[in-house]
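Asks:
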Amino acid sequence: MAFARLRRAILLAAATLAMTDGAAFDLQGHRGARGLAPENTLPGFARALAIGVTTLELDCGVTRDGVVVVSHDRRLNPDITRRPDGMWLDGPGPLIHSLDYAELARYDVGRIRPGSEYAKRFPGQAAVDGARIPRLADVFALVERAGNRTVRFNVETKIDPTRPEETLGPEAFARALVRAVRAGGMARRTTIQSFDWRTLRAVQAEAPEIATVYLSTADTIGPGDRASPWTAGLRPRDHGSVPAMVKAAGGAIWSPGHAELTPALVAEAHRLGLAVIPWTANAPADIERLLDLGVDGIISDYPDRLRAALAARGRALPTPTPVP
Ligand code: MG
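For the sequence shown, position 314 matches number 313 in numbering that gives the first Met the number 0, and the numbering has no gaps at all.
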């Protein structure tokens, strides 16, 4: 038992060191490069690889037949999904967890619905008609095809503790994801992130070699005296700050909403040995503010903008690896 704890501590320290090592700023492409290409698709990840990122940020779910797939939404999202007959979904679609992978693969997620609010948020996203919801294994294979042996994967478990009927439970979800990551031989290049900290506790028990990333926002942390359903029983009142909660939970990385980050919080997280990688900064002014704060990485829908900001500061940049 003591040995297991020691082994886990060493593995985590190594993972954290790899992530906070001076030159290695963690440039993360959010859902691939959502500002430029369809989110969470192979063309999107290929776009991020061609730009050059440290990490592909992506979301996952598990199909009825147990396949880990890459999707932000527990239900097929009518803003990005067309049915096999080419028609747009006319409302929230079926749960991913209610479909077998073969059924899921018939939907097209290569374009944002024209005229939607979502389309207005990402006017520069180039459509790739025919793009499908990929399996996590397909993303690993894409990276192999690009010849990229260093890019990392920051995989989010899309599970909502207030909607337990819509996905696998936290332990089963974590086990399925760990199995898929290990099957791809990518455990050393993967972090697992979640707003639902129960899944991260399950990952720690299942896979000590995989560092866990604690996503937070004021809404999921809650007011303080009561444990929010998202924080696996931890109460802000008992710890005094969100980074202290993350540390107590065994996290290696804290990923807060970027607007919630202050100099004092960054300093506290670093004192605790946590890397700080906020989501999701797209405006150049926000990116500059975060770089001034000394964060260890940034998640952006526009990895090209993030690269430009880092280049202007003379920072080392990850090598672009276009997929042939
Ligand atoms: Mg995500």
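Using N, Cα and C, we set each Cβ at its ideal position, and we do this for glycine too. Because the structure is a prediction, the values reported are computed rather than measured.
#1: When DSSP builds the beta bridges, which residues end up paired with Thr190?
#2: Please tell me whether, using a cut-off of 7 angstroms, the distance from the CB of Glu38 to the nearest non-hydrogen atom of ligand 1 is below it.
#3: To the nearest angstrom, report how far apart Pro321 and Asp72 are at their CA atoms.
#4: Please report the Cβ distance between Gly31 and Ala49, rounded to the nearest whole angstrom; I am assuming they are in contact, meaning their Cβ atoms lie under 8 angstroms.
#5: Quick check on the contact list: which residues have their beta carbon closer than 5 angstroms to a heavy atom of ligand 1?
#6: Look up Ser254 in the DSSP assignment and give the residues it is bridged to.
#7: Got a sec? Which residues, its chain only, sit under 7 angstroms from Ala231 by beta carbon, not counting five neighbours each side?
#8: With respect to the beta strand (DSSP E) encompassing His29, which residues constitute its N-terminal and C-terminal limits?
#9: By how many angstroms is the C-alpha of Ile95 removed from the C-alpha of Glu164?
#10: What is the DSSP secondary structure of Ile50, reduced to helix, strand or coil?
#11: Write down the C-beta distance between Leu233 and Ala179 rounded to the nearest angstrom, noting that I regard them as a contact closer than 8 angstroms.
#12: Can you say whether Gly313 is buried or exposed, counting buried as having 16 or more other CB atoms within 10 angstroms of its CB?
#13: What three-state label does DSSP hand Leu135 in the structure shown?
#14: Within 10 Å of its beta-carbon, does Pro242 have 16 or more other beta-carbons around it, so buried, or fewer, so exposed?
#15: Using the DSSP secondary-structure output, state which residues sit across from Gly60 in a beta bridge.
#16: According to the Cβ coordinates, are Thr156 and Ser193 closer than 8 angstroms?
#17: Nearest CA to the CA of Ala251: which residue from Ile191, Val212 and Pro228?
#18: By a C-beta neighbour count over all protein chains shown, 10 Å radius and 16 as the cutoff for buried, is Ala258 buried or exposed?
#19: Would you call the segment 260-269 and the segment 282-301 in contact, with 3 or more CB pairs under 8 angstroms?
#20: Check Val275 in the structure and name its three-state DSSP category.
#21: Helix, strand or coil, according to DSSP, for Ser299 in the structure here?
#22: Contact between the segment 113-122 and the segment 132-148 is defined here as three or more beta-carbon pairs at a separation below 8 angstroms; is this criterion met?
#23: Closest to Ile298 by CA distance: which of Pro83, Asn153, Val69 and Leu88 is it?
#24: Note down, in chain order, each residue of its chain lying with its Cβ closer than 7 angstroms to the Cβ of Pro302, except the 5 sequence neighbours on either side.
#25: Considering Trp196, what are the terminal residues of the alpha helix (DSSP H) in which it resides?
#26: According to DSSP, is Arg105 part of a helix, a strand, or is it coil?
#27: Using 10 angstroms around the beta-carbon of Lys246, count the other beta-carbons present and answer buried if the total reaches 16, otherwise exposed.
#28: Would you say Asp78 and Tyr117 are within 8 angstroms of each other, going by their C-beta atoms?
#29: Does DSSP put Arg312 in a helix, a strand or coil?
#30: Which word fits Asp89, buried or exposed, when buried means at least 16 other C-beta atoms lie within 10 angstroms of its C-beta?
Replies: Looking at the coordinates:
#1: Partner(s): Asn153 and Ala210.
#2: No, Cβ of Glu38 sits at least 7 angstroms from all heavy atoms of ligand 1.
#3: Cα to Cα, the separation comes out at about 28 angstroms.
#4: 11 angstroms between Cβ atoms; not a contact.
#5: The set of residues with a C-beta under 5 angstroms from any non-hydrogen atom of ligand 1 comprises Asp58 and Glu155, given in chain order.
#6: Beta-bridge pairing links Ser254 to Leu214.
#7: If we look at Ala231 and ignore the five residues flanking it on each side, its Cβ neighbours are Trp196, Arg197, Arg200 and Ala248.
#8: In the DSSP annotation of this structure, the continuous segment of the beta strand (DSSP E) that includes His29 starts and ends at Asp25 to His29.
#9: Looking at the backbone, the Cα of Glu164 and that of Ile95 are separated by about 12 angstroms.
#10: Reduced to three states, the DSSP call for Ile50 is helix.
#11: Contact flag wrong, Cβ pair sits at about 27 angstroms.
#12: By the C-beta density criterion, Gly313 is exposed, having fewer than 16 other C-beta atoms within 10 angstroms.
#13: DSSP places Leu135 in the helix class (H, G or I) of the three-state scheme.
#14: With 16 or more Cβ atoms within 10 Å of its Cβ, Pro242 is classed as buried.
#15: For Gly60, which the question treats as bridged, DSSP gives the partners Val68.
#16: It is a contact, given that the beta carbons lie within the stated cut-off.
#17: Checking every option, the nearest Cα to that of Ala251 belongs to Val212.
#18: Ala258 is exposed by the Cβ-count criterion.
#19: The segment 260-269 is in contact with the segment 282-301.
#20: Val275 falls in the strand class under three-state DSSP.
#21: Correct three-state label for Ser299: strand.
#22: Judged by Cβ distances under 8 angstroms, the segment 113-122 makes no contact with the segment 132-148, as fewer than three pairs qualify.
#23: Considering only alpha carbons, the answer is Asn153.
#24: Closer than 7 angstroms at Cβ, skipping near neighbours: Leu26, Gly28, Ala32, Ala47, Ile50 and Val52.
#25: Trp196 to Glu205 is the span of the alpha helix (DSSP H), which, as asked, contains Trp196.
#26: Of the three classes helix, strand and coil, the one that applies to Arg105 here is coil, per DSSP.
#27: With 16 or more Cβ atoms within 10 Å of its Cβ, Lys246 is classed as buried.
#28: Between Asp78 and Tyr117, the C-beta gap is smaller than 8 angstroms, which places the two residues in contact.
#29: Three-state DSSP puts Arg312 in coil, outside helix and strand.
#30: So Asp89 counts as exposed.
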